[in-house]
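Chemist: Take this structure first; my questions come after.
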Amino acid sequence: MAENIQVSYFIAKCDNFESLIKCQESKIWACPRHEKSEKQPRDILLTAFNTSQVIIMFSVNASKGWQGYARLMTPPAETAVKKNNSMWYTFEVEWVVTFTSRFRNGLSFSMTEDIMIHEKENLKSLNKARNWETVNDAIGKNLCNLLDAQYKLSKENEQKVEARKMGYENPIFFKLSETDSTISSSALWERLTTHVKDYGRIMLACPFGSHRYNLHGENSDLDMFVVYIGDTEKCLSFHPPPLTIKNRTSEQPDFTLYELYRYCELLVTGDPRVVESLFLHNNSIHYAIDEYYQFVELRKNVLSRDVVRKYLSDACGNHGLKKLLQWEKQDNPPNKDKLYKVLYIVMRLLFHARQIALGEEIRVFFEEKSEEREFLLSIRRHECTYQVVKDRIELVRGEIDVLLKSDNCELKNSAYVNPIEQLMLSIRRKIC
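Going by the numbering used here, the first residue of the sequence shown is number 729, and it counts up by one from there.
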């Protein structure tokens, strides 16, 4: 926009996605007539239209996000039309940025919750702006810039999806060692897709174990994590596809498949292995379709205090610290391999929990030469004493506790469930 053109910015709240999609197709929107109000949205918009360029920024109710912005191209109609027992003044808009028709998900409220606007003598979050509330020039420009940046990111992810589709027939899961050349990558893929083809289509295939974290060695197991989208008709039938599929322990690769519903359920309840699937390193994504990247766009909605607590629960529970305490009381503790494997898992979980508590994204893939990776590998190689690892565990637990109690901790108590649910439902409709 040219700097010398005055611009007015308004917030438009939409009842549902369907109304917004219709507007994107017809380029027609409307403002209501308030019978008991002296200030009518039409009059405010008309005044702004006559003196400036008008930008309208859209948010669907309960979506916890922003879905785009448009220019007001015509003044509101002089005569109102009746719809759903209300009177509406229609006008034409030109969309500048819109997510709904292409990517469905837009800019999360988590990205704008700290932008404050005035309400009389008080301040409130931009996310709580009322329908047809105006915002100042700086805030309006800021929100439009954020929407522009999010759209660019979504478009880049879409291009990555198209590139990955080129390898759909035969993705390379792992670099097989020279001593384990009996199973080809195509055979692995064929074996995996055989389990899914009667139920639906694969959405994501990635490592499940140490390969995911860049902590694998020559003898590490080949564990696969797969999400598939069940055929909607079959999901609604008396014989729905299984929510979880595990292969026999004697089969290679060792894999776990989650149907979309189960995946979303585990996502919003904070299951670490599932939450991590939204923060994968590109090298760890062996196959993905665009629906997966739509979930990735929502990943900041998932991080919460509940997720940190779930990480802590897994680290300190029956398969973590509690097991170590039980072994310490035994006259004949388990062998060193078992002991250090539990120490390694507990330490890794705590490192990731600390990242979330710090307000950071999860760095699932531990970078080469990073201190955390070096320490975890030293545990795997039994290079640290038991007590050194136990002391580090207690240190990181204490850091997490302090971070969660801090006034500066901005984590929400729980995940934003609605965007995840809405995306799941839109995928179901699409697969019908």
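Ideal Cβ placement from N, Cα and C applies to all residues, glycine included. A quick note: this is a predicted structure, and the numbers were derived from the prediction, not measured.
(1) Q795 and L748: beta carbons closer than 8 Å?
(2) DSSP state of T910, grouped into three classes?
(3) Who are the near neighbours of L774 in its chain, counting only those whose CB is closer than 7 Å to its CB and skipping five residues on each side?
(4) With a threshold of 7 Å on Cβ separation, who are the neighbours of S814 within its own chain once the five nearest residues in sequence on each side are excluded?
(5) Specify the secondary structure class of S791 as computed by DSSP and reduced to three states.
(6) Give me, in chain order, the residues of the same chain whose beta-carbon lies closer than 7 Å to that of E1089; leave out the 5 immediate sequence neighbours on both sides.
(7) Apart from the five residues just before and just after I1159, which ones in its own chain have a Cβ nearer than 7 Å to its Cβ?
(8) Can you pull the DSSP bridge partners for V863?
(9) Can you give the Cα-Cα distance for S838 and K1028, rounded to whole angstroms?
(10) Please name the residue, chosen from Q1054, T818, T921, that lies closest to Y1015 on a Cα-to-Cα basis.
(11) Which residues mark the beginning and the end of the alpha helix (DSSP H) in which L1077 is found?
(12) How is S1032 classed by DSSP in three states: helix, strand or coil?
(13) Could you compute how far the alpha carbon of N1155 sits from the alpha carbon of H1110?
(14) Report the residue ranges of all beta strand (DSSP E) runs contained in full by the segment 950-980; include only those spanning at least 3 residues, in chain order.
(15) Tell me the rounded alpha-carbon separation between K880 and K792.
(16) Compute the Euclidean distance between the alpha carbons of M1075 and S948, then round it to the nearest angstrom.
(17) Note the first and the last residue of the continuous beta strand (DSSP E) segment covering V809.
(18) What residue range is occupied by the uninterrupted beta strand (DSSP E) comprising L1049?
(19) Are the segment 1052-1061 and the segment 1078-1085 in contact at 8 Å, needing three or more beta carbon pairs?
(20) What are the start and end residues of the alpha helix (DSSP H) that includes R1156?
(21) Three-state secondary structure (DSSP) at C759?
Modeler: Let's see:
(1) yes
(2) Confidence at T910 is low in this model, with a pLDDT of 42, below 50, so the placement of that residue is unreliable and no value is reported for it.
(3) P803, P804
(4) P760
(5) coil
(6) F1007
(7) I957, D959, T960
(8) Y737
(9) 7 Å
(10) T921
(11) 1064-1085
(12) coil
(13) Residue identity check: residue 1155 is Ile in the sequence provided, not Asn. Roughly 46 Å between the two C-alpha positions.
(14) 951-958, 972-974
(15) 20 Å
(16) 18 Å
(17) 809-811
(18) Where L1049 is concerned, there is no enclosing beta strand (DSSP E), although the alpha helix (DSSP H) it sits in stretches over 1049-1057.
(19) no
(20) 1145-1159
(21) strand
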